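Undergrad:
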Amino acid sequence: MPSHPFLQYAVVLLLVAVIAVPLARRWRLGAVVGYLAAGVLVGPDGLGLLGENDTIAEISELGIVLMLFVIGLELSPQRLWVMRRQVFGMGSLQLLLTALALGAIAVAFGLRWKPALIVGLGLALSSTAIALQVLAERKELNSEHGRLGFSMLLFQDVAAIPILALIPVLAAKKIAPGSGLVDDVLDVARIVLVIGAVVVGGRYLLRPLFRATAATRIPEVFTASALLVVMGTAWIMDAAGMSMSLGAFLAGVLLADSEYRHEIEAQIDPFKGLLLGLFFISVGMSADLQVVTGQPGTVFALLAILIVVKAALLFGLARWPGGLGNTQAAALAAVLCQGGEFAFVVFTLEAANGLITAAQRDLLIVVVTLSMALTPLLVSARGRWIDGEDAPRQPAFEPLDVPQPRVVIAGFGRVGQIVARVLRANQIPFTAIEHSIEQVEFSRRFGSPIFYGDPTRADLLRAVQIDKAEIFVVTTDDPEANIRTARLVKRMYPHVRVFARARNRQHVFRLMDLGVEVVRETFHSSLVLSRDVLASLGMPAEQAERRIALFREHDENLLRAQHLVYDDEAAVMQTAREAREDLERLFEADSSKETS
24 MPSHPFLQYA VVLLLVAVIA VPLARRWRLG AVVGYLAAGV LVGPDGLGLL
74 GENDTIAEIS ELGIVLMLFV IGLELSPQRL WVMRRQVFGM GSLQLLLTAL
124 ALGAIAVAFG LRWKPALIVG LGLALSSTAI ALQVLAERKE LNSEHGRLGF
174 SMLLFQDVAA IPILALIPVL AAKKIAPGSG LVDDVLDVAR IVLVIGAVVV
224 GGRYLLRPLF RATAATRIPE VFTASALLVV MGTAWIMDAA GMSMSLGAFL
274 AGVLLADSEY RHEIEAQIDP FKGLLLGLFF ISVGMSADLQ VVTGQPGTVF
324 ALLAILIVVK AALLFGLARW PGGLGNTQAA ALAAVLCQGG EFAFVVFTLE
374 AANGLITAAQ RDLLIVVVTL SMALTPLLVS ARGRWIDGED APRQPAFEPL
424 DVPQPRVVIA GFGRVGQIVA RVLRANQIPF TAIEHSIEQV EFSRRFGSPI
474 FYGDPTRADL LRAVQIDKAE IFVVTTDDPE ANIRTARLVK RMYPHVRVFA
524 RARNRQHVFR LMDLGVEVVR ETFHSSLVLS RDVLASLGMP AEQAERRIAL
574 FREHDENLLR AQHLVYDDEA AVMQTAREAR EDLERLFEAD SSKETS
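Going by the working numbering, the first residue of the sequence shown is number 24, and it counts up by one from there.
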């Protein structure tokens, strides 16, 4: 045995991930299936390379926590209000109808109504991790069915807490003799107080924390702060006996309107992806294949019932009058018809309270695990077999309170602010990125959609939706950062037109190498100043205007000529001398024309 078993775990997990996931992607099964298959392969029922799944599962829960935090970042209170019909209307209908249908089937299988109700509620929950991962891989998060599915998942995440609270209430024999209404009221009061403390504390503490860490200009300190907020809030909620995911979600919502939102998301995203992968591996490891081989008929019958019942109800709700079309409704049914990871917690607690037996718990967990593994396959099959697109419809709800940007501005100093004012006056939506926290805080007082961050980071550019923008304007005053940003955007988003502010001719040449449309920051103002000087010296206004136009055309031609040889100093000097002589001849010719 190695002296550091953690290294063995890390090596095995990383090895199976880098092998299984690319293979699954190549076979068009999705990354989730690759992770699940890898978990089965290395788990106790596979090769047995890893035995302590509980430890891995505890660590991997952080992936769900981080995912819920990122979801919260996308949901400002204004957007939640806009989504209220989908979240609390369709979300509650889906949960209640599915729980009643599956609970009735559980009663038909011999369960009493109390355990059957909890089983129905547990199976009504879908996998937030898998559904969102599949939608993201297929770029369907912003589709009509993706938005409706997201609303249902959001309601399920909120409803998971009362479901857990309901289990000991229904398991009357597990409640202490002296407990009663007073204890229930105290439990509710404790939950309300903890949530209130998180909301109030986050409202007044989070922004000062990020303001202080952003001022250090040290990226790793900002990353540590983001992780501290997520894990700290999750720890507080867990210590209070509540869901860690709910705490992380609340923290994300509190930061959804902040100027740090996109930078935090960019910092958190790599950790979220890695830990979610670990979560899927742990789900695969927990699959008890002996239950499948021991009673395959029961397992696959329950699996079919779960998928068919949930898919039918989801399809019907999506097709509600004025709802989605057949194709979109089928897509929603395919992506949400599985059981969810939270069902593991529900069934484990239900067994601990004596409502179901350990064998029933294991059977239910295997059914949920298999349904999760089948989801990417069902989504892929739906995409291949159900062709034809419905006519375009209005979105299920309005988009983010900040409109999708047509223009992204990197740098919000003197130049960037003027560009933004012109865009705002013409009602053109834009988003700005600025690395100076003082400038960000000042500009947000005037309602500017500006966010803190480094525009040379690819993950931050993705977070501000540059892929949906038409124009990217680089106005940063650091030439090197300016060039790095322009190069990154041209490489990653070739469809986006890039305009860049240039400080001097060498800066212009390097930007021209990238195919960027360049604007010299002092050139045009210098021409205006020169025209006014000529007029003040007695030159007629029309002649001064014509001389400036001649100079502008001449200098732009010179710039293009020198761009071809700018790395050859002798050639640049020669072209400059020749250009000066040409300019003098142009002005002499203009003077002769004026006097003739």
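We treat Cβ as the ideally placed atom computed from N, Cα and C, and that holds for glycine. Please read all numbers here as calculations on a predicted model, not as lab measurements.
Skipping 5 residues on each side, what residues in its chain have a beta carbon closer than 7 Å to that of F92?
TA: The residue labelled residue 92 in the question sits at position 69 within the sequence shown. Taking F92 as the centre and dropping the five residues before and after it, the same chain places the C-beta of V253, A271, F272, A274, G275, I291 closer than 7 Å to its C-beta, in chain order.
Undergrad: Roughly how many whole angstroms lie between the Cα atoms of Y227 and K137?
TA: Taking the first residue of the sequence shown as 1, we reach residue 227 at position 204. Taking the first residue of the sequence shown as 1, we reach residue 137 at position 114. One C-alpha to the other measures close to 43 Å.
Undergrad: Considering only DSSP beta bridges, list what R543 is partnered with.
TA: One-based indexing of the sequence shown puts residue 543 at position 520. Partner residues in the beta bridge of R543, as assigned by DSSP, are A525.
Undergrad: Buried or exposed: A419, going by 16 or more other Cβ atoms within 10 Å of its Cβ?
TA: Locating residue 419 in the sequence shown gives position 396, where the first residue counts as 1. Because the pLDDT at A419 is just 37, under 50, the model does not fix this residue reliably, and the value given afterwards should be weighed accordingly. Its Cβ being crowded by 16 or more others within 10 Å, A419 is buried.
Undergrad: Thinking C-alpha only, which one of L269, T236, K295, Q529 is nearest Q179?
TA: In the sequence shown, the residue the question calls residue 179 occupies position 156. Of all alpha-carbon atoms in L269, T236, K295, Q529, the one lying nearest the alpha-carbon of Q179 is that of L269.
Undergrad: Using only alpha-carbon positions, find the residue among L573, G172, G436, Q488 that is nearest to P428.
TA: On the sequence shown, residue 428 is found 405 positions in, with the first residue counted as 1. Of L573, G172, G436, Q488, the residue nearest in Cα terms is Q488.
Undergrad: In chain order, which alpha helix (DSSP H) runs of at least 4 residues are fully inside the stretch 362-404?
TA: 365-375
Undergrad: As a quick exercise: from A492, P452, H458, pick the residue whose alpha carbon is nearest that of F435.
TA: Residue mapping note: residue 435 aligns to position 412 of the sequence shown, counting from 1. Proximity to F435 across A492, P452, H458 peaks at H458, based on C-alpha coordinates.
Undergrad: Kindly indicate which three-state DSSP category F132 falls into: helix, strand or coil?
TA: Taking the sequence shown and counting its residues from 1, one reaches residue 132 at position 109. Coil, per DSSP.
Undergrad: Suppose you measure from the CA of R600 to the CA of L560; what does that come to, to the nearest Å?
TA: In the sequence shown, counting from the first residue as 1, residue 600 sits at position 577. In the sequence shown, counting from the first residue as 1, residue 560 sits at position 537. Taking the straight line from one Cα to the other gives about 27 Å.
Undergrad: I think A443 touches A455, with their Cβ atoms under 8 Å apart; what is that distance to the nearest whole Å?
TA: If you number the sequence shown from 1, residue 443 lands on position 420. If you number the sequence shown from 1, residue 455 lands on position 432. A443 to A455, Cβ: 6 Å. Contact.
Undergrad: Excluding the five sequence neighbours on either side, which residues of its own chain have a C-beta within less than 8 Å of the C-beta of V41, listed in chain order?
TA: The sequence position of residue 41 within the sequence shown is 18, counting from 1. Closer than 8 Å at the Cβ level, and outside the excluded window around V41, lies no residue.
Undergrad: Let me know the secondary structure DSSP gives K197 once reduced to three states.
TA: Here residue 197 refers to the residue found at position 174 when the sequence shown is read from its first residue. Low confidence applies to K197: its pLDDT is 43, below 50, so where it sits in the model is not reliable enough to give any reading.
Undergrad: If we ignore side chains and look at the alpha-carbon of each, how far apart do N505 and L171 end up?
TA: One-based indexing of the sequence shown puts residue 505 at position 482. One-based indexing of the sequence shown puts residue 171 at position 148. Roughly 40 Å between the two C-alpha positions.
Undergrad: Does DSSP classify P418 as helix, strand or coil?
TA: Counted from its first residue, the sequence shown places residue 418 at position 395. For P418, the predicted model reports a pLDDT of 37, less than 50, meaning its position is unreliable and no value from the coordinates is stated.
Undergrad: Sort L59, T151, L372, S174 by Cα distance to P191 and report the nearest one.
TA: Numbered from 1 along the sequence shown, position 168 holds the residue referred to as residue 191. The shortest C-alpha separation from P191 is found at L372.
Undergrad: When DSSP labels each residue in this structure, what does T454 get in the three-state scheme?
TA: In the sequence shown, the residue the question calls residue 454 occupies position 431. It is a strand residue.
Undergrad: Since I believe G307 is in contact with G62 (beta carbons under 8 Å), could you give me their beta-carbon distance rounded to a whole number of angstroms?
TA: Residue 62 sits at position 39 when you count from the first residue of the sequence shown. Residue 307 sits at position 284 when you count from the first residue of the sequence shown. Indeed they touch by this definition, with Cβ atoms about 2 Å apart.
Undergrad: How far does the beta strand (DSSP E) with F469 in it extend, from its first residue to its last?
TA: Translated into positions along the sequence shown, residue 469 becomes position 446. Element bounds for F469: n/a, residue is neither H nor E.
Undergrad: Please determine, among L483, V130, A122, the residue with the shortest C-alpha to C-alpha distance to L337.
TA: Taking the first residue of the sequence shown as 1, we reach residue 337 at position 314. Out of L483, V130, A122, A122 has the C-alpha closest to the C-alpha of L337.
Undergrad: Which residues does DSSP pair with Y475 in a beta bridge?
TA: Start at 1 with the first residue of the sequence shown, and residue 475 comes out as number 452. DSSP output for Y475 lists E457 as bridge partner(s).
Undergrad: Looking at the unbroken alpha helix (DSSP H) that takes in A564, where does it start and where does it end?
TA: Against the sequence shown, residue 564 aligns to sequence position 541. Here the alpha helix (DSSP H) through A564 covers 564-586.
Undergrad: Considering only their Cβ atoms, is the gap separating V521 from E6 smaller than 8 Å?
TA: In the structure as shown, the chain starts at 24 and stops at 619, and residue 6 therefore has no counterpart that could be examined.
Undergrad: Taking DSSP's pairing of strands, which residues face I432 in a bridge?
TA: Numbered from 1 along the sequence shown, position 409 holds the residue referred to as residue 432. Paired residue(s): A455, V496.
Undergrad: If you measure between the beta carbons of G362 and L118, is that distance less than 8 Å?
TA: As a working mapping, residue 362 is identified with position 339 in the sequence shown. As a working mapping, residue 118 is identified with position 95 in the sequence shown. Not a contact, by the Cβ cut-off of 8 Å.
Undergrad: Comparing alpha-carbon positions, which option in H168, G339, V215 lies nearest P185?
TA: The residue labelled residue 185 in the question sits at position 162 within the sequence shown. When each option's Cα is compared against that of P185, the closest is V215.
Undergrad: Just list the residues that DSSP pairs R520 with in beta bridges.
TA: On the sequence shown, residue 520 is found 497 positions in, with the first residue counted as 1. According to DSSP, R520 bridges with I494.
Undergrad: Below 8 Å between beta carbons: does that hold for A43 and G57?
TA: As a working mapping, residue 43 is identified with position 20 in the sequence shown. As a working mapping, residue 57 is identified with position 34 in the sequence shown. Taking 8 Å as the Cβ cut-off, A43 and G57 qualify as a contacting pair.
Undergrad: CA-CA distance, I328 and L120?
TA: In the sequence shown, the residue the question calls residue 328 occupies position 305. In the sequence shown, the residue the question calls residue 120 occupies position 97. Looking at the two C-alpha atoms, the distance is approximately 15 Å.
Undergrad: Could you pull out every residue in the same chain whose Cβ sits closer than 6 Å to the Cβ of T598, ignoring the five residues on either side in sequence?
TA: The residue you call residue 598 lines up with position 575 of the sequence shown. Hits under 6 Å: A584, Q585.
Undergrad: Would you identify the three-state DSSP class for S149, choosing helix, strand or coil?
TA: Here the question's residue 149 lines up with position 126 in the sequence shown. Looking at S149 - three-state DSSP - the assignment turns out to be coil, as it is neither helix nor strand.
Undergrad: With C-beta atoms as the reference, is L347 less than 8 Å away from L277?
TA: For the purposes of this step, residue 347 is taken as residue 324 along the sequence shown, with counting starting at 1. For the purposes of this step, residue 277 is taken as residue 254 along the sequence shown, with counting starting at 1. The answer is no: Cβ separation not under 8 Å.
Undergrad: Between A558 and the rest of its own chain, which residues show a CB-CB distance below 7 Å, the 5 nearest in sequence each way excluded?
TA: Here residue 558 is taken as the residue at index 535 of the sequence shown, counted from 1. Here the set comprises A564, A567.
Undergrad: The alpha helix (DSSP H) that contains S248, what's its start and end?
TA: Along the sequence shown, read from residue 1 onward, the residue named residue 248 stands at position 225. S248 -> alpha helix (DSSP H) spans 242-262.
Undergrad: Which residues in the same chain have their Cβ closer than 6 Å to the Cβ of P478, if we skip the five residues on either side of it in sequence?
TA: The residue given as residue 478 occupies position 455 in the sequence shown. If we look at P478 and ignore the five residues flanking it on each side, its Cβ neighbours are A433, I456, T508.
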